[in-house]
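Undergrad: If you read the sequences in order, they're chains A, B and C. Numbering follows the numbering used here, in which position 15 of the first sequence is assigned residue number 15; successive positions increment by one, without gaps. If you want the numbering used here, it's the position in the second sequence, counting the first as 1, plus 1000. If you want the numbering used here, it's the position in the third sequence, counting the first as 1, plus 2000. One structure is given below, represented as structure tokens, and several questions about it will come after.
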Amino acid sequence: MNLKALKRLAPQLIAVFLIIAVIGYFWNNTRLNMEYLGMEFGYDFLSKAASFDIQFSLIDYDGSSPYFRAYLVGLLNTILVSVLGIIFATLIGLFIGVSRLSPNYLVSKLAEVYIEVFRNIPLLLQLFFWYFAVLRTLPLPENAISFGQSIFITIKGIYVPKFIWTNFNFFIISFILAIIVSFFIFSYAKKQRENYGKHFPAFWVSLGTIILFSGSGFLFGIVNLTFEYPEIYNLTETVFNYRGGVTIIPELLSLLFALSLYTSTFIAENVRAGILGVGKGQKEASSSLGLTPAQTLRLVVLPQALRIIIPPTTNQYLNLTKNSSLAAAIAYPDLVLVFAGTALNQTGRAIEIITITMGTYLTLSILISIFMNWYNKRIEIKEK
Amino acid sequence: MNYLDNIIKPKQANQNTLVIFGSILILISFLDVVLLSVFDINLTGSSKGISFFLPLLLGFIGMYYIRFDHTNFPLINRFNKSLNIDWLNSIFTLLSIFVLLKFVPLILNWLIFDANFIGTAKEDCTGGGACWVFINVWLKRFVYGLYPDSETWRINLAFILLFVTIGASYLAKPKFKKYIILFLLFVFPFIGLSLISGDVGGLVYVETNVWGGLALTLIVSIFAIIFCFPIGVMLAMGRRSELPVVKYFSVGFIELWRGVPLITVLFMAANMFPLFLPEDVFLDKLIRCIIGIILFEAAYMAEVVRGGLQSLPKGQYEAAKSLGMGYWRMHLFVILPQALKIVIPGIANTFIALFKDTPLIFIVGLLELLGMIDLAKTNPKWLGFAAEGYVFAALVYFVFCYSMSRYSQKLEKRLSTER
Amino acid sequence: MIKSLKKFSIFLASVALLVGLQSEAFAAKKSRTLSKTIKQDHVKCGVSQGLPGFSNADAAGNWTGIDVDVCRAVAAAVLGDSGKVKFTPLTAKERFTALSSGEVDVLARNTTWTLSRDADLNLTFVGVNFYDGQGFMVRKSSGITSTNGFKNGISVCTNTGTTTELNMRDFFNSKKISYEPVAFEKADEVVQAYDAGRCDTYTTDKSGLAAQRTKMKNPDEHIVLPETISKEPLGPAVRHGDQVWEDIVRWSLFAMIEAEEYGITSANADSLKTSENPQIKRLVGSEGELGTLLGLGNDWSLNIIKQVGNYGESYKRNIADTGILPARGPNALWTNGGLLYVAPAR
């Protein structure tokens, strides 16, 4: 017994000592080096004025804001591009994954070519390709490609109309109400289906509800929506630019392109594996029950396939979020460019800033993992 | 009335007529697109904005008429079966073909027909297409980086040695195979490294900051692959260890590395790491970056290997223990060989991911392939060839990654039949 | 068990020894950087990733430029061979971290000397090797001829992590012009983005504008606006805390400038050993013990002048002859109406 306990304890003690020794070694070196250089350690710089401007920000920011706010701007930009990237990658991945299994030879081959090409080329290269090769061929503002005189595509960015709301709160409240009501409609439909075997067109009814509810504001003239169109103006006699509307900067666009196209290939493979993982018998059984192919896909195949698809796809979402840090290679002002770039350079607080940056990504990763695990649990087979 | 009905609802009786009629419609629609995209002739006279719409409509009607369960034309049967299953598929087929007809000629023109291949300067590129002269002139730099020309034979020799040993490990008898693989893993890296860096046996010392190009990409990848594998296996075993200290340390280590972006790891390795070392210890920047990549990828490797360990039935562990095997012997001879076999695709994917991550060292100033292309495309004499450079790099990376993934698929198949 | 305990104690002892040695090593040396440099037999120098005239590598990896020459001068002074320099190309963002961590020992990367950098970043600027100021470049076709032509909504390309980024904000704020800053990490990317039309103007130090113009498709289509919006004294920097090393780098730079003042060139340095002028004799090492005071050999400045040349030679070779800025302007000697005035080496 004693020997056994010792056998268990000794390697652990060694491990603890080893870990402490290694950490202590680096810690000691760093401390001595910093002391020698007269460097201080501390996070007080976060409240000092940043005094640099950022190209693109979701919250109010100007150079007189503190570094902490610059951090928030970078963080929000990272989250923005990650969320958009995740949405697009999922949609494209779903489409390509289903196409890959299409009985149509041409469609499935094209999907395969797409997957192999975009998966086997490094992301950084794709990013450079989109930013430095493709988007650079877009025209100058005076020759913009325009759609219906409201969307303009130029080398300086894509300009789209801006929504201008009056009484936006009323609209959003009625919209939320409609969502809540349609939630009840869906649970009612479920009850009908499970208890009485009746089909209730929940989708159409709730769509109608949403349109009715959110449209009511317009109908009674409480809510009003107008558009602010981008318009061209002279910066000088020969140089033009657009103002008004919303500008989507090319840096964001190319980052989105690269991230979602690259990640979609992995998601497509997951989707394919998921659908293939659902037994053939399931599909045959459901079609023999008289379900249409679309219903089979929606009600029988997808819910089961999702369980296979979600865990590996979670990893892809994590990768996408971390890969968004490549933004620093083009000029998209994300966390790495703004905080671990400009802020680091102006303050010289390398250790503090890199720790915060790494900690932030770690937190983001953990949050995504927790959310996806929760979702995965929710859709697991519930034994009744 | 009857006649009209025949046209709207195709009947078996008029099959041949309808099939021919349909085929002609389809041909016209294709021809229109081809002429429009290749020769810029507008057959149907449709305006530019909707130039695809009319052919699409024609093709759709045509495909509707030829969609029979069985016809007298084998070609049409094949077409129906693989491309014209229902109306939705016919639209997909048409759209795919139109997109191909529209873009493939454009791409081919740029890549080949309008491109320039021969020459020595920018001025030799007169065509409207790609300027492959750029690649041609810089090829040596792209492959060897800034490595001195007179010494490049050393890089060649190192890689030839590598390929010969790999080849030998295939052909050799199983008895020697083990030794060759051990040589490859533990001896070769150091031979290769001293050959390339020099300063031994009369070879001139070549500093790492002139290493570059594809050679550097491969050096980094090979080193990282060789070392991240054993570390990953150890971490995976640690994560499944019964000793809490070992277990939680492994969990923390893995999750930490998996949670942070590689680019911050590389920044730390390249610019901050000397701060963590005593003043008289100096580690080369390249080595620091490789260590960063190794630790980063080892965490991913650990998760892959853990999957393999978890999927083994408990009986395997119990059987090994009942034979009186200790922890290490059990893992080395019973558990790992089986577990690793299961996760070969995962391991291969991690290697491919690692290879695709190497361009990131360019961001911290190491001039691997992408870095050399960047250097070349900003050279004042060679401005404006970004696309050519990127296409070339893409091709190189694609060839490596695609062949690696193909090889792993083959390996997977071979091993799965052996079981 | 006993075996592992034994191993354990050996390990313990070695760790203790290692930690002990460390602290001793830190205490013993007068100049860490100098002894490290002599031991490694090369000067670790941080330079730009390619700015013609300042630090630029050719296709074979040979570095040239006036910043490069400062590093070469230090190598000549310390190691007697101007070729013993290891150049590390750094982005603007990386430079200070690389210097303070010890990745490089001299930062000669067209870096502006400012108070906050000096005090807050723990750097010490040893002098100025180029007097510069921030300017703007625009396309000729834009019709803009001065910064008064700037209007709201102008997009500006620049580098991240530079004083340029801060000055730009001051400038546009004081003029009450709204602008879109597009900040890249690598200088080459800024040039390409501006050249492609992503931005209406490109701002950096004027010497930088002149140098980067050579990297554009049609250099003649661009002009540098006459206004200078800031003072940019560019100079080499070292870490805080190593005064001996700081002195070496400072006086290596000063020796180059003073050599020009006294007309000592790489060609005539040897023959001036017997000059009548004691100051010249001190600089070429035939009189006095200046090198010893710095902890170097007495031929330190002679090596610099012979192997690298004086400041004027360096300027001519790297900046004037390459067509970047033919006129010396503020970078002429004080005797010629410029700003170059250094403390005497005596």
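We put the CB at the ideal spot given by N, CA and C, even for glycine. Quick caveat: nothing in here was measured; it's all calculated off a predicted structure.
(1) Hey, out of B:C1401, B:V1396 and B:R1414, whose CA is closest to B:V1143's CA?
(2) For C:Q2109, would you say it is in contact with chain A, using Cβ-to-Cβ distances shorter than 8 Å as the test?
(3) For B:M1361, which residues of its own chain have a beta-carbon under 7 Å away from its beta-carbon, when the five flanking residues on both sides are left out?
(4) Taking beta-carbon pairs under 9 Å, can you tell me which members of the stretch 2229-2245 of chain C lie near chain A?
(5) Do you know how far the Cα of A:I310 is from the Cα of A:K377?
(6) Does the distance from the C-beta atom of A:L101 to that of A:R272 stay below 8 Å?
(7) Less than 8 Å separating the beta-carbons of A:T78 and A:L320?
(8) In its own chain, which residues sit with a C-beta less than 8 Å from the C-beta of A:G63, not counting the 5 before and 5 after it?
(9) Scan the stretch 1199-1229 of chain B for residues whose Cβ lies nearer than 9 Å to a Cβ of chain C and list them as they occur along the chain.
(10) Per DSSP, B:W1211 is paired with what?
(11) Starting from the beta carbon of B:M1237, find every residue of chain A whose beta carbon is closer than 9 Å, and list them in chain order.
(12) In chain B, which residues lie less than 8 Å from C:D2188 when you measure between Cβ atoms?
(13) Which residues share a DSSP beta bridge with A:V246?
(14) So A:R298 contacts chain B; which residues on that side make the cut at Cβ distance below 9 Å?
(15) Check this for me: beta carbons of A:V81 and A:L255, under 8 Å apart or not?
(16) Within a Cβ cutoff of 6 Å, which residues of the same chain sit near A:I145, ignoring the five residues on either side of it in sequence?
(17) Going by CA-CA distance only, name the one from B:G1201, B:I1155 and B:V1204 that's closest to B:P1189.
(18) Hey, quick one: how far does the alpha helix (DSSP H) through C:G2135 stretch, first residue to last?
(19) Rounding to the nearest angstrom, what Cα-Cα distance links C:M2256 and B:V1364 in this structure?
(20) Quick check on DSSP: helix, strand or coil for B:C1125?
(21) For B:L1185, tell me which candidate among B:F1229, B:L1218 and B:P1074 has the shortest Cα-Cα distance.
(22) If A:P161 sits next to A:Y229, beta carbons under 8 Å apart, how far is it from one beta carbon to the other, in whole angstroms?
(23) Rounded C-beta distance between B:G1062 and B:S1029? I'm assuming under 8 Å.
(24) To the nearest angstrom, how far is it from the Cα of B:V1019 to the Cα of B:N1080?
(25) Step through the CB atoms of chain B and report whether any lies within less than 8 Å of the CB of C:A2027.
(26) Determine the burial state of C:L2166: buried for a count of at least 16 other Cβ atoms within 10 Å of its Cβ, exposed for fewer.
(27) Of the choices B:L1027, B:P1359, B:V1334 and B:G1308, whose alpha-carbon is the least far from that of B:L1340?
(28) Check the Cβ of B:M1330 against every Cβ in chain C and list those closer than 8 Å, keeping chain order.
(29) Should C:D2242 and C:R2032 be called a contact, given that it needs their Cβ atoms to be closer than 8 Å?
(30) Quick one: what does DSSP say C:C2045 is sitting in, helix, strand or coil?
(31) Should A:I155 be flagged as near chain C, meaning a C-beta pair shorter than 8 Å?
(32) Using the three-state DSSP reduction, which class does C:A2237 fall into: helix, strand or coil?
(33) If you draw a straight line from the C-alpha of A:E237 to the C-alpha of C:G2143, how long is it?
(34) Given this structure, state the Cα-to-Cα distance separating C:A2076 from C:W2245, to the nearest angstrom.
(35) Residues of chain C with a CB under 7 Å from the CB of A:D387: which are they?
(36) Are the C-beta of A:A327 and some C-beta of chain C separated by less than 8 Å?
TA: Once the coordinates are examined:
(1) Ranking the options by Cα distance to B:V1143, first place goes to B:V1396.
(2) According to the sequence provided, residue 2109 of chain C is Arg. The question's Gln does not apply to it. Among the CB atoms of chain A, none fall inside 8 Å of the CB of C:R2109.
(3) The sequence shown places Ile at residue 1361 of chain B, not Met. Cβ neighbours of B:I1361 beyond the five flanking positions: V1220, L1266, C1289 and E1368.
(4) Listed in sequence order: R2239, H2240, G2241 and D2242.
(5) When rounded, the distance between both Cα atoms is 10 Å.
(6) In contact: A:L101 and A:R272 (Cβ atoms closer than 8 Å).
(7) In this structure, A:L320 does not lie closer than 8 Å to A:T78 by Cβ.
(8) So the qualifying residues of the chain are A49, A50, S51, F52 and D53.
(9) Residues of the stretch 1199-1229 of chain B that bring their beta carbon within less than 9 Å of a beta carbon in chain C comprise E1207, N1209, V1210 and G1212, in sequence order.
(10) The secondary-structure analysis by DSSP pairs B:W1211 across a beta bridge with B:G1145.
(11) Result: empty, since nearest Cβ-Cβ is about 13 Å, beyond 9 Å.
(12) By Cβ distance, chain B contributes D1374 and T1378.
(13) Looking at the DSSP assignment, A:V246 forms a beta bridge with A:V160.
(14) In chain order: nothing, as chain B lies at least about 16 Å away.
(15) Their beta carbons are under 8 Å apart, which means A:V81 touches A:L255 by this criterion.
(16) Closer than 6 Å at the Cβ level, and outside the excluded window around A:I145, lie I153.
(17) Measuring from the Cα of B:P1189, the nearest candidate turns out to be B:I1155.
(18) In the DSSP annotation of this structure, C:G2135 is not part of any alpha helix (DSSP H); the continuous beta strand (DSSP E) holding it starts and ends at Q2134 to R2139.
(19) Within the model, the alpha-carbon separation for C:M2256 versus B:V1364 is close to 32 Å.
(20) Three-state result, B:C1125: coil.
(21) Of B:F1229, B:L1218 and B:P1074, the residue nearest in Cα terms is B:F1229.
(22) Indeed, because the Cβ distance is near 5 Å, the residues count as touching under 8 Å.
(23) At roughly 7 Å, the Cβ-Cβ gap stays under 8 Å, so B:G1062 and B:S1029 are in contact.
(24) Roughly 11 Å separates the two Cα atoms.
(25) Here the model assigns C:A2027 a pLDDT of 36, short of 50, so the residue's position is not dependable, and the following value carries that caveat. Judged by the 8 Å Cβ criterion, C:A2027 is not in contact with chain B.
(26) It counts as buried.
(27) Comparing Cα positions, the closest option is B:G1308.
(28) Simply none; closest approach about 19 Å.
(29) In contact: C:D2242 and C:R2032 (Cβ atoms closer than 8 Å).
(30) In the structure shown, C:C2045 sits in a strand (DSSP, three-state: E or B).
(31) It does: the Cβ of A:I155 has a partner Cβ on chain C nearer than 8 Å.
(32) If DSSP states are grouped into helix, strand and coil, C:A2237 belongs with the strands.
(33) Their backbone Cα atoms lie some 7 Å apart in a straight line.
(34) Using only the alpha carbons, I get a separation of about 14 Å.
(35) Outside the shown range of chain A (1 to 384) lies residue 387 of chain A, about which nothing can therefore be said.
(36) Chain C contact via Cβ: absent.
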